[in-house]
Structures are given as C-alpha cells and as structure tokens.
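These protein sequence lines map, in sequence, to chains A and B.
In terms of our numbering, the first sequence is residues 1 to 126.
In terms of our numbering, the second sequence is residues 127 to 252.
Remarks on the structure that follows.
2 protein chains.
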Amino acid sequence: MSNQLPDGGECCSPLAREPLTEDWAGDLARMFKALGDPVRLRLLSLIASHAGGEACVCDISASFDLSQPTISHHLKVLRAAGLLDCERRGTWVYYWVIPSALHQLSAVLLTEGAAVPSPTCAEAPA
Amino acid sequence: MSNQLPDGGECCSPLAREPLTEDWAGDLARMFKALGDPVRLRLLSLIASHAGGEACVCDISASFDLSQPTISHHLKVLRAAGLLDCERRGTWVYYWVIPSALHQLSAVLLTEGAAVPSPTCAEAPA
DNA sequence: GGCTTGATTCGACATCTGTCAATATCGACA
DNA sequence: TGTCGATATTGACAGATGTCGAATCAAGCC
Chain A
1 MSNQLPDGGE CCSPLAREPL TEDWAGDLAR MFKALGDPVR LRLLSLIASH AGGEACVCDI
61 SASFDLSQPT ISHHLKVLRA AGLLDCERRG TWVYYWVIPS ALHQLSAVLL TEGAAVPSPT
121 CAEAPA
Chain B
127 MSNQLPDGGE CCSPLAREPL TEDWAGDLAR MFKALGDPVR LRLLSLIASH AGGEACVCDI
187 SASFDLSQPT ISHHLKVLRA AGLLDCERRG TWVYYWVIPS ALHQLSAVLL TEGAAVPSPT
247 CAEAPA
C-alpha cells in the first residue's frame, strides 16, 4: 500500500503533463476506485461535512438503507485506500477524512495543460 | 447520462460542505469508477498529454500489453463516463479528454471545509 | 460475572468487471 | 467492387465487488 508519491519532486503532477507511470497509475486507481461507489462517496461526504470533521459510525449509518456490516465494509475500503482514518473512543468509533489524500487526487485531475476553458463550473482560480 | 451539474447554483460544492445527495453521488461515482482502473488512468493521461491534446487509438494502444478489444472497451467506459470524447477522421479515431469533467471532479475533492493544512500534497503525516 | 449496545469479521451469494478470441463495421484505395 | 487496415462489438469466462445474516469482538453498565 504505497500511497506515497513517486519519489522525487514530481509531486502531484497532473494527468495531462506527462503519461502516468504504471506504478503511479496503480496507486491513484486504488484511491479513485474507492470513490467509485455512491455509498462510499456519500459516506465520505457525510463524514467530511460533519461537525468537527469527524463522525462515529452510528451517526452516519442511519442515513443509509444498508445493513451495518455493509457500511462497515465500505468504511474499511475507504480506509484501506488511505482516504479515511479512524479511532475508537470508548464505545464508539470515529472516522475522519485525510485531506491530503483528497487534495492529491484533486491536483492530479487539474488538466492545466489541456486548455480548460472555464466552463460550467468555473471554480474561480484562487 | 446526466453528467450535468445539479440545477441551480450549487455548482461544484465540495464534498465537505454538505452531504452529497444520492443522485449527485451516483453521477460522481460513475465518473470516479471510470478512473478506478490503472489502465484507464494511463489511457486518459496518455491522451491528455499527447500533442494537441488528442490521440488516435493506434498511438496509444502500443503502450499497453492488452488486446485491442480491451483497449477499445476501456475507452468506451471513459467515454460513457463523460471523461473522453472521440471522432472518426478517415481510417482513424481520435480521442480527447473533456477538461470540464475532470475539473468538476477535481473541484469536488477540494475539502476546503476540512481544514486542509498546507496545499501542495505535502504528506504531513501528522 | 453476565447483559446490552456499537462495530467488525466471516461466509455465502448474485452481480459486475476486465480480459480475450472471434467477428463485424467502417473507410480508404486498387 | 473487392480487399485491407483500423476500431468496435459480441460472447464467454475467471475473478472482483456489494450485500446480507450470523457470529464475534469491545466497552460500558447492572
């Protein structure tokens, strides 16, 4: 599980700058795949938007029509992908997102090279 | 295929601002799932980084150890997800990325709410 | 210690996915 | 028109994935 960036300075090189290496593509794909499920996306969003940036399983599982083992499974997938972390506090287990991981994925998708016009969702460049 | 943003002003609301709706999560998940394969990520990257921002299948398929139908399948998945578009020009078919789609995904992942410490993917392992 | 509640793990199952070989389609060009 | 090269589609199949119920583990409480 090497969520680490490729050694050296090419941190967060966007997709469009140069072809991804196989290793780097594998790491990224593992993270994107974790995001490739509506339940997991909603889980991530619920946790990220929860007060304090963290939430316990009991808080979030109520928002889904799924069994608790299923929620637990999805949380595990997100955690294995390096997108979440968790900690047990007494009876409850709290989860929070790892911002640097999301940030890394976000940066990869910025296709600066590819003449992004400024279309529908023009996140005004900060 | 509604890759469109939800109607109204909530364009590109990041994950952390508020919980994703089911519909919105479904749309996003479809796109992220398409990115959740190393082959497809490399395809996308090869195309995006190719001269002119577009490439024909014959250009890119040589970079893979996969059969031609498999490459074609992955390209179809990326296209169905709204990440690529293509056009036939004589004998060859050219593909290019749709920057606004990548941009949209990138924006969603920006967890402004979640106290991202220091941008550049600094691993900053706590 | 024995319950109760919250969460994970296990085992099973149907479905989805990635891959290939074979075949079909589309354009160019003799 | 027929053939050829470039892509796409089809059909099949092994392996991965999402889901559940049952069992298990962890911590607090009687």
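Backbone N, C-alpha and C fix where the C-beta goes; we use that ideal spot for every residue, glycine too.
- request: Could you run through the segment 30-54 of chain A and flag, in chain order, every residue whose CB is less than 7 angstroms away from some CB of chain B?
  value: Those residues of the segment 30-54 of chain A that come within reach of chain B (Cβ to Cβ, closer than 7 angstroms) are PHE32, LYS33, LEU35, GLY36, ASP37, PRO38, LEU41, ARG42, LEU44, SER45, LEU46, ALA48, SER49, GLY53.
- prompt: Can you find a C-beta in chain A that's less than 9 angstroms from the C-beta of B/LEU192?
  reply: So, not an interface residue.
query: Exposed or buried, B/LEU201, counting other C-beta atoms within 10 Å across all chains shown (16 or more means buried)?
result: By the Cβ-count criterion, B/LEU201 is buried, with 16 or more other Cβ atoms from all chains shown falling within 10 Å of its own Cβ.
task: Quick one: residues in its chain with C-beta nearer than 7 angstroms to the C-beta of B/PRO251, no 5 flanking neighbours on either side, listed in chain order?
output: Legend: pLDDT at B/PRO251 = 35, less than 50; position of this residue unreliable, value from coordinates given subsequently. Listed in chain order, the non-local C-beta contacts of B/PRO251 below 7 angstroms within the same chain number zero, local neighbours out to five positions each way being set aside.
query: Which bits of chain A does B/GLY152 rub up against, with CB to CB less than 8 angstroms?
result: Neighbours of B/GLY152 on chain A, chain order: PRO38.
message: Considering only DSSP beta bridges, list what A/ALA51 is partnered with.
response: According to DSSP, A/ALA51 bridges with nothing at all.
query: Taking a cut of 7 angstroms between CB atoms, which residues from the segment 210-234 of chain B lie near chain A?
result: Residues VAL223, PRO225, SER226, LEU228, HIS229, GLN230, LEU231, SER232, ALA233.
- request: Give the residues of chain B in contact with A/ALA80, contact being defined as C-beta atoms less than 8 angstroms apart.
  value: Near A/ALA80 there are no residues of chain B at all, since even the closest Cβ is about 13 angstroms away, more than 8 angstroms.
message: So with CB distances below 7 angstroms, who are the chain B contacts of A/LEU20?
response: Near A/LEU20 (Cβ distances below 7 angstroms), the residues of chain B are LEU167, ARG168, SER171.
- prompt: Using a C-beta cutoff of 9 angstroms, does A/LEU110 count as contacting chain B?
  reply: It does; some Cβ of chain B falls within 9 angstroms.
task: Return the CA-CA distance between B/THR147 and A/ILE60, expressed in angstroms with no decimal places.
output: If I take the Cα positions, the gap works out to 14 angstroms.
query: How long is the line joining the alpha carbons of B/PRO245 and B/PRO140, rounded to whole angstroms?
result: Here B/PRO245 scores only 36 on pLDDT, less than 50, and its place in the model should not be relied on; the value that follows carries that caveat. Their Cα atoms are separated by approximately 16 angstroms.
message: Taking the beta strand (DSSP E) that A/ARG89 belongs to, which residues open and close that run?
response: 84-89 is the span of the beta strand (DSSP E), which, as asked, contains A/ARG89.
field: Same chain only: Cβ atoms within 7 angstroms of A/LYS108, ignoring 5 sequence neighbours per side
entry: Here the sequence assigns Val to residue 108 of chain A, which means Lys is not the residue at that position. Here the set comprises CYS12, PRO14, LEU15, LEU28.
message: Suppose you measure from the CA of B/ASP149 to the CA of A/ALA51; what does that come to, to the nearest Å?
response: Here the alpha carbon of B/ASP149 sits roughly 23 angstroms from the alpha carbon of A/ALA51.
- prompt: Candidates A/ARG30, A/ARG17, A/PRO19, A/LEU66: which alpha carbon is nearest A/LEU83's?
  reply: Distance from the Cα of A/LEU83 is smallest, within the candidate group A/ARG30, A/ARG17, A/PRO19, A/LEU66, for A/ARG30.
- prompt: Are there 16 or more other CB atoms within 10 angstroms of the CB of A/SER100, so buried, or fewer, so exposed?
  reply: The residue is buried, with at least 16 neighbouring Cβ atoms inside 10 Å.
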